[in-house]
Structures are given as structure tokens and as C-alpha cells.
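Everything below concerns the one structure shown next.
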């Protein structure tokens, strides 16, 4: 029976999200995995209750999955979509394997220093690099916050990035596919 | 024996973070909780290995805690710090109780429509409100992504917000303290 992968990421919010998600599922099948999703159901129409119901359905789907493959490409800002970050934490706590990728080749500290602080960072007397607001520029040579990268690495997974160069568009699935290869080799 | 609370949030990155974290621990004790933190240890000096080691230490501390109290105040952008989001997911998957607060009174869709899209949002023919980039403006009357709010609510926790008005500064712990009261009532 094929291992079930929980494909996490913010694509659901994009106008072409359905198409990208379908392509991701098709690619997963090509590597022998089943893309796990929740089926339709009766969801409440009131917006808050609807949100809670979708959260619950996603959690049930995660519990029924063997591993997570998360899209950590920065979403509406510097970092991973927080729903995806929640899901990585959830799967790691359940002891499931975790893999991730980002279409942004840069480490977190580079994005933070350039995109967010526009270069206005400096090393203080305490040895810490900080922005003009005094906030620390975390540099662990990681794609994002150490809780995300650290957890995945600690569990034998990888956070794949594209080669140096521009951020790849959301519908470029080359890095995503490279992780499917890695996961296939991991599970044998 | 006092219940142990894992106090999650991005304060560690602030110049006055140590002071805020100390005050949070003191307030937690006032409500009968023990603020759980990891002790000093031998951590590797190389930055990547250091990041992985801190991730592992935080996970051990979470496993040894009874509940999480997370600061979901938007951090360097629209949403919760992704390390904190990871930790909420981790604790929820372990079956621990979860509570959160934010010093921003606004719902996610309000921040997204005003701060991020500067009002340039419109309802499309499919009934969805979208930004000029075509991305959906999620509106579940929640403080952040439905995975965060949904999980906490589903487990009987709350996401406290200040009254309508300005975003409170990071060192204003009034909303944080209100959650300690809620947690105290929850645990009895």
C-alpha cells in the first residue's frame, strides 16, 4: 500500500491553486506516494465554525498520513505560511517523517536583512546583528525559523532550495519534485 | 505540583526580550503555574548545529510542559511568528491544552485587507474576496490562519485579543495576563 503524503502549503489561497495542488498530487503518485486529502463533507456555513471544521478535517488527514511534504516558500512576507508551520509541528510531534522545500534560494537572515530591513542591519556590541528596531537577525544558515528547519533536519528530512538566483514562481514544481525523490530514497 | 506552562513567542529576538520573558514567568507564577524553560547546556558553536540543538531543547521542554501559552501578535509582518506556530502545532498534536493571545485587536482579514493590500481588495465572481494579486483574503473572523485559531478553540482554549483600538506594545502584558486567568479557570 502506498505511503500517504500530507502536502502542506498555501496554494489553496491562489487563483490557480487547484491546478497546482492537482499537479502536486500527480507528481507524488509518480513517486509511489498517495496524496492524502480530506473528502467533501457537510461543513457549517458560518465563517468561524467553517474555519474550525476545516482545521479539524486537516488534523484528521494529518493523523492518517505517513509524512508531510511542506511548502516553506515565504508567503505574504518573510516566512512560511503559519498554517503550514503549524502542520509541520503537528506532524513532527506525531513522530511522522517531515520534508520541505522552498522556491526561494535565500536563507532567512538574507531575506530579513535585504527584503525586510533593506540592508539597515548592524552588529552590536553584544555580537548580535540587529535591525534598526533592535530586533535580532537570526542567522542559523537555515531557510526559516530554527524550529522548522531544526525539527526537519533532526528527523532525517531535508529542506530543499533552488540554486542561487531568482525566487521561482509558485507553479514551478522542480524543487518540490526533488523532495519527492529524496523522500522516495528515504523510505526505500 | 504546579502545572508547567510553555510560554511561546518571539520575545527572544527583542533587545528587552529577557525582561519581558522574566515578567511573563513571574506573572505565570502568580497564577500558580511554573514557567518551563530549558536550562543552560553545552550547545555547539557552529550556527547551523546550534540552531538544531536549540530546536531539540525546545521540543524537550514542550514535551515536559502541561500546556502552551502562545503570543500570536503579528511578528515582522501579518502573522504569528512561525516558530511559535510550529510550537502550537507540536503541543496540540501531543494532546496538551493550548491558549494564546495577541496584542493586535484586529482579525486576520482586517490586517490583510488594510496593512497588506492597502484596501485594494474586491469580491470576485466566485464570491471570494481577493487582493490585486488574485490571492484569497481568508475571513473566518479569526486572529490568524484557521489552523492556529481552529486548533486552540477545538481544544477548549482561547485566543485573547485587546479591545478595539491600537495594537498594544510588546511589553504590555495585560492581554497575556487575561489568558493566565482563563487558563487558571480552565485547570481549576
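Residue numbers (the working numbering), protein chains in the order written: chain A, 87 to 274; chain B, 87 to 274.
Here a beta-carbon is modelled for each residue, glycine too, at the ideal position from N, C-alpha and C.
query                                                                                                                                                                             : result
Do residue 151(B) and residue 182(B) count as a contact pair if the criterion is CB distance below 8 Å?                                                                           : yes
Curious, which full-length beta strand (DSSP E) runs of at least 3 residues does the region 142-209 of chain A contain?                                                           : 153-157, 183-187
CB-CB under 7 Å to residue 206(B), same chain, minus the five flanking residues each way: which ones, in chain order?                                                             : 217, 218
Under 8 Å, Cβ to Cβ, is there at least one residue of chain A near residue 138(B)?                                                                                                : yes
Say whether chain A places a C-beta atom closer than 8 Å to the C-beta of residue 173(B).                                                                                         : yes
Using only the alpha-carbon positions, how far apart do residue 255(B) and residue 234(A) sit?                                                                                    : 27 Å
Work out the CA separation of residue 266(B) and residue 117(B) for me, nearest whole Å.                                                                                          : 7 Å
For residue 225(B), which residues in chain A fall below 8 Å Cβ to Cβ?                                                                                                            : 133
Give a yes or no on contact between the region 152-160 of chain A and the region 125-144 of chain A, applying the rule of three or more CB pairs nearer than 8 Å.                 : no
For residue 122(A), return the contacting residues in chain B, with the cut-off set at a CB-CB distance below 9 Å.                                                                : Near residue 122(A) there are no residues of chain B at all, since even the closest Cβ is about 16 Å away, more than 9 Å.
Excluding the five sequence neighbours on either side, which residues of its own chain have a C-beta within less than 7 Å of the C-beta of residue 198(B), listed in chain order? : 164, 223
I believe residue 279(A) touches residue 113(A) by the beta-carbon criterion, under 8 Å. Please report the beta-carbon distance rounded to the nearest angstrom.                  : Given that chain A is displayed from residue 87 to residue 274, the structure contains no residue 279(A) and the question cannot be resolved.
Tell me, please, whether the CB atom of residue 258(B) is closer than 8 Å to any CB atom in chain A?                                                                              : no
Just to confirm the assignment, what range does the alpha helix (DSSP H) spanning residue 265(B) have?                                                                            : 260-273
For residue 104(A), count neighbouring Cβ atoms within 10 angstroms of its own Cβ and tell me buried if that reaches 16, exposed if not.                                          : exposed
When you check each C-beta in the region 231-248 of chain A against every C-beta of chain B, which residues fall closer than 7 Å?                                                 : 231, 232, 233, 234, 235, 236, 237, 239, 240
How big is the Cα-Cα spacing for residue 221(A) and residue 99(B)?                                                                                                                : 6 Å
Give the straight-line distance between the Cα atoms of residue 132(B) and residue 240(A), rounded to the nearest whole angstrom.                                                 : 16 Å
Hey, could you find the ends of the alpha helix (DSSP H) residue 94(B) is sitting in?                                                                                             : Note, residue 94(B): premise wrong, no alpha helix (DSSP H); beta strand (DSSP E) at 90-94.
Check whether the Cβ of residue 144(A) lies closer than 8 Å to any Cβ atom in chain B.                                                                                            : yes
Between residue 246(B) and residue 187(B), how many whole angstroms is the CB-CB distance? I'm expecting something under 8 Å.                                                     : 4 Å
Roughly how many whole angstroms lie between the Cα atoms of residue 191(A) and residue 249(A)?                                                                                   : 6 Å
Indicate whether at least one CB of chain A lies closer than 8 Å to the CB of residue 166(B).                                                                                     : yes
Do you know how far the Cα of residue 243(A) is from the Cα of residue 130(A)?                                                                                                    : 37 Å
Starting from the beta carbon of residue 209(B), find every residue of chain A whose beta carbon is closer than 9 Å, and list them in chain order.                                : Correct list: empty, because the minimum Cβ distance to chain A is about 14 Å.
Please state whether DSSP places residue 233(B) in a helix, a strand or coil.                                                                                                     : helix
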